[in-house]
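Taking mature numbering (1 follows the signal peptide of the UniProt record, and there is no 0), I'd label the letters of the sequence shown as residues -20 to -1, 1 to 71.
Ideal Cβ placement from N, Cα and C applies to all residues, glycine included.
Only one structure is covered here, and it is reproduced in the block below.
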Amino acid sequence: MSKVEVVLLIFLGLLSLAALQNGDDSSRRQRDGKQSPQRDIVRRTRRRYNDNIQRRCVNSTPCSECTNEGKICSVKPGGKGTCGECVQARR
């Protein structure tokens, strides 16, 4: 093997090691994101006030239901921001 081939082989080895380490870091970040305390606080707050929101939205749908279904909440003019109509999200 010539010196050029050895250098290329070492370079490719280091490049593949760097790619593997980057993949490990991104998966670790995803795991940490799933266990964020902010997300838990939002869930608890939504659970606590969900009954009040349901009662307030007599003739419309709570926006939280729209977002849970992956849709957009269209609020009627003059209506409260927590109630509206679920609209299919544009892609």
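Contact check, residue i vs residue j, beta carbons under 8 angstroms
i           : j            : result
lysine 51   : cysteine 66  : yes
cysteine 43 : threonine 25 : no
Assigned exposure category for residue i - 16 Cβ within 10 Å defines buried
i          : result
proline 64 : Correcting the residue identity first, residue 64 is glycine in this sequence and not proline. Classification of glycine 64: buried, given that the 10 Å Cβ count is 16 or more.
Beta-bridge pairing of residue i - partner residues as DSSP gives them
i           : result
cysteine 53 : Cys66
proline 42  : Cys63
Other residues of its chain near residue i: CB distance less than 6 angstroms, five sequence neighbours each side excluded
i           : result
cysteine 37 : Cys63
Same chain only: Cβ atoms within 7 angstroms of residue i, ignoring 5 sequence neighbours per side
i          : result
serine -5  : none
alanine 69 : Gly50, Lys51, Ile52
Residues near residue i in its chain [Cβ-Cβ closer than 8 angstroms; skip 5 each side]
i            : result
threonine 47 : Cys53
threonine 41 : Cys53, Cys63, Gly64, Glu65, Cys66
glutamate 45 : Cys66
Rounded straight-line distance, which links the Cα of residue j to that of residue i
i             : j             : result
leucine -12   : leucine -1    : 17 angstroms
aspartate 20  : asparagine 30 : 15 angstroms
lysine -18    : serine 16     : 50 angstroms
valine 22     : alanine -3    : 36 angstroms
asparagine 39 : glutamine 18  : 31 angstroms
Contact test: residue i Cβ vs the ligand MG heavy atom, cutoff 7 angstroms
i          : result
proline 17 : The ligand content of the structure shown is nil, which means the ligand MG is not present either.
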